[in-house]
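Data first, discussion second: the structure below is written as structure tokens.
2 protein chains.
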Amino acid sequence: MSWRRPDHDERKRGYHHGNLREALVDAAMALIGERGPEGVTLAEAARMAGVSTAAPYRHFKDRDALMAEVAKRGFSRFADRIRAARHPDGADAVESLMGIGRAYIGFARSEPALYSAMFEGGVSPATDGELRREADRAFEILLSACERIRNTLPEDTRAPALMMALHIWSLSHGVASLFARGDRGRRAIPVPPEDLLEAGTLIYLRGLGYEPGK
Amino acid sequence: MSWRRPDHDERKRGYHHGNLREALVDAAMALIGERGPEGVTLAEAARMAGVSTAAPYRHFKDRDALMAEVAKRGFSRFADRIRAARHPDGADAVESLMGIGRAYIGFARSEPALYSAMFEGGVSPATDGELRREADRAFEILLSACERIRNTLPEDTRAPALMMALHIWSLSHGVASLFARGDRGRRAIPVPPEDLLEAGTLIYLRGLGYEPGK
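Taken in order, these protein sequences are the chains called W and G. Okay, so the first sequence: first residue is 151 according to the working numbering, each after it adds one. Okay, so the second sequence: first residue is 151 according to the working numbering, each after it adds one.
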């Protein structure tokens with residue numbers, strides 16, 4: 151076990167001053183790093199936070215509620231990252247989309263525990279309103295980039311921006327999940343995952359009538 | 151706990167007649183179904199198989215070796231499924247690729263435990279030769295479909311078949327992981343995931359010069 155038992159002062163602070171919630175979230179993230187999302191239980195998080203196994207229930211009704219909180223923070227950080235990677239509105243719309251794609255892959259690589267909690271942790275934005283709102287923030291950035299590109303495409307070949315966003319998300323998610331996560335990588339590929347995604351995105355956009363340099 | 155303790159005869163059979171290995175694989179698949187891939191431990195699999203916690207080590211050196219065996223069987227079943235879904239060689243190459251895509255999504259939907267073990271279980275074909283061979287069998291089917299399509303594309307717009315296969319795999323994996331797994335689905339989408347994937351694949355192929363009906 152890599153955790154140490156918090157000392158008496160820490161426990162007292164945690165228990166009396168209302169930051170047990172934060173301590174449980176930290177514990178869950180540490181557990182994900184050690185064992186993956188399915189290794190998280192409320193009892194284990196309580197042990198790491200130095201409180202009784204009953205104490206977490208004042209903050210989280212069950213394990214999935216704790217995981218949803220971690221996933222929510224993951225989506226929040228994720229949205230910040232892709233917003234920062236997107237070029238400002240004056241920039242080329244396609245370059246903006248490529249920046250988002252690179253940030254998606256970079257997040258999977260640098261935050262594997264959060265990525266796993268967000269997408270493989272057994273909690274779903276479909277059933278959690280607050281989590282849904284954080285996930286929506288990230289999706290809106292992608293959707294808005296797709297809308298900008300769509301407006302530059304010939305009318306007879308363009309697709310709804312929502313469909314474009316779902317396709318680009320799926321492609322990004324596939325490349326990131328399969329090829330960007332170190333020894334979880336499914337297969338050695340001949341180019342960095344960022345380049346694989348960029349090439350796939352360009353071919354896809356060309357299929358919608360996009361011509362580079364026009 | 152949903153498992154029952156095997157009776158004495160079952161344990162005797164398992165222990166003395168060499169099918170403990172199968173019993174441990176069955177236990178791991180049941181545990182994945184209950185708790186996800188990270189919920190699998192050798193000790194828990196041993197308990198379900200009714201043997202001592204030391205007994206599994208005669209068959210699997212650690213938890214990852216057991217998970218690799220489950221993933222290997224998953225890839226084997228997966229390869230059979232996509233081979234059956236692919237049309238025979240005389241059929242249209244694009245229809246064949248679409249059949250593979252539908253089978254990919256169908257597998258994620260109907261075999262969530264195996265899908266999870268194959269792609270989210272922490273074991274990687276990159277570091278396990280036997281697992282790699284099973285995963286390769288599935289990939290070769292996709293690669294061969296892409297080669298057939300590539301041969302029909304105009305020379306100036308076509309891409310290497312390996313790149314096409316990696317793109318189509320990523321798109322399929324993204325759609326299947328994000329949208330095809332019931333309450334793990336990330337977002338309600340306006341069409342079935344099979345249709346989303348088919349539309350994305352067609353747009354992608356059009357970007358490589360494919361023209362439907364030609």
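We put the beta carbon where it would ideally sit given N, CA and C, even for glycine.
Residue i vs residue j beta-carbon contact at 9 Å
{"i": "S320/W", "j": "F329/G", "result": "yes"}
{"i": "L355/W", "j": "V190/W", "result": "no"}
{"i": "G324/W", "j": "V325/G", "result": "yes"}
{"i": "I232/W", "j": "A288/W", "result": "yes"}
{"i": "F127/W", "j": "R236/W", "result": "Not covered by the structure: residue 127/W. The range shown for chain W is 151 to 364."}
{"i": "M198/G", "j": "L264/G", "result": "no"}
{"i": "I318/W", "j": "A229/W", "result": "no"}
{"i": "R337/W", "j": "A309/G", "result": "no"}
{"i": "I353/W", "j": "G357/G", "result": "yes"}
{"i": "L346/W", "j": "L316/G", "result": "yes"}
{"i": "V175/G", "j": "R223/G", "result": "yes"}
{"i": "E348/W", "j": "M248/W", "result": "yes"}
{"i": "F210/G", "j": "R171/G", "result": "yes"}
Burial state of residue i (16 or more Cβ within 10 Å)
{"i": "E344/G", "result": "buried"}
{"i": "Y254/G", "result": "buried"}
{"i": "R283/W", "result": "exposed"}
{"i": "R208/W", "result": "exposed"}
{"i": "A193/W", "result": "exposed"}
{"i": "A285/W", "result": "buried"}
{"i": "A234/W", "result": "exposed"}
{"i": "S246/G", "result": "buried"}
{"i": "A173/W", "result": "buried"}
{"i": "D306/G", "result": "exposed"}
{"i": "E280/W", "result": "exposed"}
{"i": "D278/G", "result": "buried"}
{"i": "G363/W", "result": "exposed"}
{"i": "V341/W", "result": "exposed"}
{"i": "S202/G", "result": "exposed"}
Inter-residue CB distance, residue i and residue j (contact presumed, cutoff 8 Å)
{"i": "C296/G", "j": "M314/G", "result": "4 Å"}
{"i": "G272/W", "j": "P187/W", "result": "7 Å"}
{"i": "A99/W", "j": "A177/W", "result": "Any answer about residue 99/W is impossible in this case: the structure gives chain W only from 151 up to 364."}
{"i": "I327/G", "j": "S260/W", "result": "The sequence given here has Ser at residue 327/G, not Ile. About 20 Å; that fails the 8 Å criterion."}
{"i": "E270/G", "j": "E270/W", "result": "5 Å"}
Tell me, please, whether the stretch 212–221 of chain W touches the stretch 298–311 of chain W by the rule of three or more beta-carbon pairs shorter than 8 Å. no
Taking only runs that begin and end inside the stretch 283–333 of chain W, name each unbroken alpha helix (DSSP H) of 4 or more residues, in chain order. Listed in chain order, they are 311–329.
Mind listing, in chain order, the continuous beta strand (DSSP E) runs of no fewer than 3 residues lying wholly within the stretch 206–245 of chain W? none
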